[in-house]
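In the numbering used here, the protein residues as written are 6 to 267. Ideal Cβ placement from N, Cα and C applies to all residues, glycine included.
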């Protein structure tokens, strides 16, 4: 009797949750079958984690919109002060919403896992965008106060009106994604890449500047080019390292064993 893992179709959820492992008669076949069962369980947990992080692109989009909203739309280009505690509580509430919805999604992806409700794509997308906005609101003033020699003594988000503008921008982006227009797929994918690179570059640039003790040492974007380039390069190295680890563990950049997609 064959000891291969058979899949109902190649959809990732069915690959992970629809596997049927046949019993093996020979000891060697039984050992292989046990390894295959372990792999399936591992992939199920991996799918649950991916379900928790399924709004990763929304986080990237949300962070990018948050940065652009504060720097371009609100024109707080070098603002170095955090919003008021009340506004901070609101944006951090968005992060908590993302975490709670992600935990529910994680548990629902585990066979028999307890969860409050069935995950919904629009909710994962909206909570991810709110989390990305919160991350940008927290990172942006720290970046300005660390990099520039003359940061502006003003809040990045001054009042509820400013926050409303940022939320409207996020809502517009979420609405565009939910339209599922095919001609928007590639632009939105590129925006996601730009978002994650922007966020990582901002954080890595701050770390590099503090490491070499060059805080508040630049006054123009030309002077900031070198630390930003170093932060950008470090970000690309981090992304490449994550891809290498994924390939080593799964044999595929998609995160699933190629032999199990056959």
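Check: Does the beta-carbon of residue 184 have 16 or more other beta-carbons within 10 angstroms, so that it is buried, or is it exposed?
Finding: The residue is exposed, with fewer than 16 neighbouring Cβ atoms inside 10 Å.
Item checked: Rounded Cβ spacing between residue 215 and residue 151 (contact assumed at less than 8 Å) -> Sure, about 7 Å apart at Cβ, within 8 Å.
Next item on the list: Specify the secondary structure class of residue 84 as computed by DSSP and reduced to three states.
Entry: The three-state secondary structure of residue 84, taken from DSSP, is strand.
Next item on the list: To the nearest angstrom, report how far apart residue 156 and residue 222 are at their CA atoms.
Entry: Taking the straight line from one Cα to the other gives about 11 Å.
Checklist line | Beta-carbon separation (whole angstroms), residue 146 vs residue 94, contact threshold 8 Å | finding: The C-beta distance from residue 146 to residue 94 rounds to 16 Å, too long to meet the 8 Å contact threshold.
Next item on the list: Measuring only between beta-carbons, confirm whether residue 149 sits less than 9 Å from chain B.
Entry: Of the chains in the structure shown, none is chain B; there is only one protein chain.
Next item on the list: Please classify residue 175: does DSSP put it in a helix, a strand, or coil?
Entry: Residue 175 sits in a helix when the DSSP states are folded into three classes.
Check: Does the Cβ of residue 225 have 16 or more other Cβ atoms within 10 Å, making it buried, or fewer, making it exposed?
Finding: Exposed, since its Cβ has fewer than 16 Cβ neighbours within 10 Å.
Notebook entry, point to check: Any chance the segment 69-80 sits against the segment 199-214, with 3 or more Cβ pairs inside 8 Å?
Noted result: The segment 69-80 is in contact with the segment 199-214.
Note to self: Quick test of the definition: if touching needs 3 or more C-beta pairs under 8 Å, does the segment 176-190 touch the segment 106-121?
What the structure shows: No: fewer than three Cβ pairs fall under 8 Å.
Notebook entry, point to check: Hey, residue 103 and residue 132 are a contact pair by Cβ (cut 8 Å); roughly how many whole angstroms apart?
Noted result: Indeed, because the Cβ distance is near 4 Å, the residues count as touching under 8 Å.
Check: So, helix, strand or coil for residue 254, using DSSP?
Finding: In this structure, residue 254 counts as helix in the three-state DSSP scheme.
Checklist line | Own chain residues within Cβ distance below 6 Å of residue 82, not counting five before or after | finding: Same-chain partners within the cutoff: 76.
Check: Among 106, 173, 168, which residue has its Cα nearest to the Cα of residue 96?
Finding: Of the listed residues, the one whose Cα sits closest to residue 96 is 168.
Checklist line | According to DSSP, residues forming a beta bridge with residue 157 | finding: BP columns for residue 157 point to 84.
Notebook entry, point to check: Does the Cβ-Cβ distance between residue 63 and residue 129 come in under 9 Å?
Noted result: A distance below 9 Å separates the beta carbons of residue 63 and residue 129.
Margin query: Within 10 Å of its beta-carbon, does residue 186 have 16 or more other beta-carbons around it, so buried, or fewer, so exposed?
Written below: Exposed.
Item checked: Whole alpha helix (DSSP H) elements within the segment 165-222, 4-residue minimum -> The segment 165-222 contains these whole alpha helix (DSSP H) runs: 165-184, 190-216.
Notebook entry, point to check: Taking DSSP as the reference, what is the three-state secondary structure of residue 246?
Noted result: Secondary structure of residue 246 (DSSP, three-state): helix.
Notebook entry, point to check: If you drop the 5 nearest sequence neighbours on each side, which residues of the same chain put their C-beta closer than 7 Å to that of residue 139?
Noted result: 96, 97, 99, 100.
Next item on the list: Tell me whether residue 107 is buried or exposed, calling it buried when 16 or more other Cβ atoms sit within 10 Å of its Cβ.
Entry: The residue in question, residue 107, is buried, as its Cβ has 16 or more Cβ neighbours within 10 Å.
Next item on the list: Measure from the alpha carbon of residue 206 to the alpha carbon of each residue in 230, 113, 195, 178, then state which is nearest.
Entry: Scanning 230, 113, 195, 178 for the CA closest to the CA of residue 206 turns up 230.
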